[in-house]
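Chemist: Have a look at the structure that comes next, please.
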Amino acid sequence: MTEIIVVTSGKGGVGKTTTSASLACGIARRGKRVAVIDFDIGLRNLDLIMGCERRVVYDFVNVIQGDCTLKQALIKDKRIDTLYVLAASQTRDKDALTQEGVRRVLDELTADGFDYIICDSPAGIEKGAHLAMYFADRAVVVVNPEVSSVRDSDRILGLLASKTLRAEQGNGGVKEHLLLTRYSPKRVASGEMMSVDDVKEILGLDVIGVVPESQDVLTASNAGTPVILNEQSDAAQAYEDAVARLLGESKPLRFIEEPKKGFFARMFGG
Amino acid sequence: MNKPAEAVRSPASTAPLEIRFGQVGLAQVRIRTTDPGAILDELTGRVATAPQFFERTAVCLDLSALEKEPDVAEVRAVMDAVRRAGMLAVGLAHGTAAVDALARALDVPVLTYFRPQNRPPPVLQPADPQELAVPTLMHHTPVRSGQRVYARHRDLVVTSTVGAGAEVIADGCVHVYGAVRGRAVAGARGDVTARVFCQEFYAELVSVAGVYRVFETIPAELAGKPVQAWLSGDDLHVARIGS
Ligand SMILES: Nc1ncnc2c1ncn2[C@@H]1O[C@H](COP(=O)(O)OP(=O)(O)OP(=O)(O)O)[C@@H](O)[C@H]1O
Ligand SMILES: [Mg+2]
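Quick look at the structure:
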């Protein structure tokens, strides 16, 4: 059984690609066969985060248009041998994606025995985002703890509930998960940022992970190493927890409170 | 291998257009004067009070309250004034044969869905028991931003939340057993006895029979509280339910 998971958000720049890369690595590291696809045609990005940009010969659009086979376009990860990347085209525009073409690629990956297909959605609610979610079984909605991101996620959740194959077929719809990123307990405590509970309540969904704001993310992106592979990092541990929950394990949330205060502060309630 | 791009496209997606009919949000502007200056002043003020609600909103011009039938030039001037105020006049409200002629001359549609007020409204009389005999429309999933749920000729019950930017609309009453952050509209066809009830109030707009209130900031005493809204004369009251 292949599961198709879309990573989506509505709002741009909230951490979809960062999340797609880390979830894909985390799941593949557990021995599952994973393909991660960049749906952001024209703004290809995932290959950079995955560190395989110099090995992109053919891309998603080439496969759809029949310029090459899917096998030729899939890039095997150098670190995890059950992980494959399908890059986006940098030179085409988003109209090069068609629903029929996307369906054929997903069907072929399914027939090939992949366990998970992760679709990294572009921002917005236009065609690219729509195609990324259309065939999904599950959705990871990435949200930053601020009003506009939460509002856009609500919009995306509405589309997931109406404009997807599963919704159209009426068989329970797409299973939705919330993933908070760039979370800063300190800013939550000072009232500058919405809390996990605020976001959960407004969107009426449980969270599958809370990834703290972390300098390690940028460092990881620059190095082409998904942050989940940097074991020391809080962000990596948070993504690892999210992977576990996505695969059905239950884990308490971490990194949602400010680091414990010292002895004196506790004694005197400072 | 090199298949032409057409081979993978479904016929539907190559059609140059698609036509759909559906409910669209329209503001009805009933004018009592054709003086463009007066209209511009008044509308500009209203748009400024609630820009996200009014800006570039489609407007249906209702000419029924004018003392005498306006001519094409007058209506055109009014439509310009509406546009300059930031809204967009897209059509004329259904009325007399003269309205039809004006609409044709101006090349705009005649729109039929609005609330008559100073004329006897036999068809739209909301108390018609036949109309309200339809069972309540039940909605059990969250109404998300950008979505709209409309209960035609009946009440609407939502057992979940209404997100910011979402709309719940009923010709009868609207009941929401959850938080409302979007818009709740009762009596959409003019039933002045309709009410809005919600369990947790954070709504950005509440309206009954076309009379609305916009909440830029929610009054502290109402935020998150169970609230009802009803019309008394031309005033829309919004108050806590219970204590
Ligand atoms: N947990 C985090 N801590 C700090 N910075 C982060 C975190 N997650 C993402 N970022 C930064 O946010 C920026 C956007 O991330 P990313 O490209 O993953 O977002 P996206 O949603 O895919 O964007 P787009 O909508 O453009 O596709 C990047 O600069 C990334 O380094
Ligand atoms: Mg991205």
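Going down the list, the sequences are from chains E and U.
Positions 1 to 270 (my numbering) are the ones given, in order, by the first sequence.
Positions 271 to 513 (my numbering) are the ones given, in order, by the second sequence.
Each residue gets a CB set at the ideal place from its N, CA and C atoms; glycine is no exception.
Please compile the residues from chain E whose C-beta is within a distance smaller than 8 Å of the C-beta of residue 417 of chain U.
Modeler: Neighbours of residue 417 of chain U on chain E, chain order: 158, 162.
Chemist: Distance, Cα to Cα, residue 258 of chain E vs residue 132 of chain E?
Modeler: Distance between the alpha carbons of residue 258 of chain E and residue 132 of chain E is about 36 Å.
Chemist: Using a Cβ cut-off of 7 Å (strictly closer), state whether residue 103 of chain E contacts chain U.
Modeler: It does not; no Cβ of chain U falls within 7 Å.
Chemist: With respect to the beta strand (DSSP E) encompassing residue 239 of chain E, which residues constitute its N-terminal and C-terminal limits?
Modeler: Element bounds for residue 239 of chain E: not the beta strand (DSSP E) but the alpha helix (DSSP H), 234-246.
Chemist: What residues from chain E crowd round residue 405 of chain U, counting only those whose CB sits closer than 8 Å?
Modeler: Within chain E, no residue comes near residue 405 of chain U; the closest Cβ sits about 21 Å away, beyond 8 Å.
Chemist: Which value, in whole angstroms, describes the spacing of the CA atoms of residue 67 of chain E and residue 436 of chain U?
Modeler: Rounded to the nearest angstrom, the two C-alpha atoms are 43 Å apart.
Chemist: Taking the continuous alpha helix (DSSP H) assigned at residue 369 of chain U, which residues delimit it?
Modeler: Run containing residue 369 of chain U: 367-376, per the alpha helix (DSSP H) assignment.
Chemist: With 16 as the cutoff for other CB atoms within 10 Å, does residue 489 of chain U come out buried or exposed?
Modeler: Residue 489 of chain U is exposed by the Cβ-count criterion.
Chemist: Any chance the CB of residue 81 of chain E is under 6 Å from a heavy atom of ligand 2?
Modeler: Result no, Cβ not under 6 Å from ligand 2.
Chemist: Give a yes or no on whether the minimum CB-CB distance between residue 457 of chain U and chain E is below 7 Å.
Modeler: Not closer than 7 Å to any Cβ of chain E, the Cβ of residue 457 of chain U fails to qualify, so no.
Chemist: Could you list which residues in chain U have their beta carbon closer than 7 Å to that of residue 151 of chain E, in chain order?
Modeler: Residues of chain U passing the Cβ test: 415, 434, 435.
Chemist: So, do the segment 198-205 of chain E and the segment 215-225 of chain E have three or more beta carbon pairs nearer to each other than 8 Å?
Modeler: No, the segment 198-205 of chain E does not touch the segment 215-225 of chain E.
Chemist: Under the three-state reduction of DSSP, which class applies to residue 165 of chain E: helix, strand or coil?
Modeler: Helix at residue 165 of chain E.
Chemist: Hey, is residue 487 of chain U's beta-carbon within less than 7 Å of any beta-carbon in chain E?
Modeler: With 7 Å as the cut-off, residue 487 of chain U does not count as an interface residue toward chain E.
Chemist: Just mark residue 218 of chain E as buried or exposed, buried being the case when its beta carbon has 16 or more other beta carbons within 10 Å.
Modeler: Exposed is the call here.
Chemist: Please identify the residue among U:440, U:353, U:336, U:303 whose C-alpha is closest to the C-alpha of residue 409 of chain U.
Modeler: Per the Cα distances, U:440.
Chemist: Label residue 65 of chain E either buried or exposed according to how many other C-beta atoms from any shown protein chain fall within 10 Å of its C-beta, with 16 as the threshold for buried.
Modeler: Residue 65 of chain E comes out buried.
Chemist: Tell me where the alpha helix (DSSP H) around residue 477 of chain U begins and ends.
Modeler: Element bounds for residue 477 of chain U: not the alpha helix (DSSP H) but the beta strand (DSSP E), 475-478.
Chemist: Taking the alpha carbon of residue 406 of chain U as the reference point, which residue from U:446, U:415, U:378 has its own alpha carbon closest?
Modeler: Of the candidates U:446, U:415, U:378, the one whose C-alpha sits nearest the C-alpha of residue 406 of chain U is U:446.
Chemist: Residue 154 of chain E CB to nearest chain U CB: under 7 Å?
Modeler: Output row for residue 154 of chain E: interface = yes.
Chemist: Since residue 430 of chain U meets chain E, which of its residues come closer than 9 Å, beta carbon to beta carbon?
Modeler: Near residue 430 of chain U (Cβ distances below 9 Å), the residues of chain E are 204.
Chemist: Comparing alpha-carbon positions, which option in U:289, U:485, U:358 lies nearest residue 325 of chain U?
Modeler: Checking every option, the nearest Cα to that of residue 325 of chain U belongs to U:358.
Chemist: Based on DSSP bridge pairs, tell me the residues matched to residue 83 of chain E.
Modeler: Looking at the DSSP assignment, residue 83 of chain E forms a beta bridge with E:34.
Chemist: If we ignore side chains and look at the alpha-carbon of each, how far apart do residue 76 of chain E and residue 423 of chain U end up?
Modeler: Straight-line Cα distance between these residues: approximately 58 Å.
Chemist: Taking the CB atoms as reference points, tell me whether residue 210 of chain E and residue 256 of chain E lie closer together than 7 Å.
Modeler: The answer is yes: Cβ separation under 7 Å.
Chemist: Mind checking residue 62 of chain E: buried by the 16 CB within 10 Å criterion, or exposed?
Modeler: Buried, because 16 or more other Cβ atoms sit within 10 Å of the Cβ of residue 62 of chain E.
Chemist: Does the distance from the CB of residue 9 of chain E to the CB of residue 16 of chain E come in under 7 Å?
Modeler: Yes; because the gap between Cβ atoms is below 7 Å, this pair is in contact.
Chemist: I need the straight-line Cα distance from residue 395 of chain U to residue 110 of chain E, nearest angstrom please.
Modeler: Confidence at residue 395 of chain U is low in this model, with a pLDDT of 46, below 50, so the placement of that residue should be treated as unreliable; the coordinate-derived value is given next. C-alpha separation (whole angstroms): 57 Å.
Chemist: What residues in its chain sit with their C-beta under 8 Å from that of residue 414 of chain U, if we drop five residues either side in the sequence?
Modeler: Excluding residues within five positions, the ones whose Cβ falls inside 8 Å are 433, 436.
Chemist: Please determine whether the Cβ atom of residue 299 of chain U lies at a distance below 6 Å from any heavy atom of ligand 1.
Modeler: Not under cutoff, so the answer is no.
Chemist: Identify every residue that forms a DSSP beta bridge with residue 300 of chain U.
Modeler: Residue 300 of chain U pairs with U:332.
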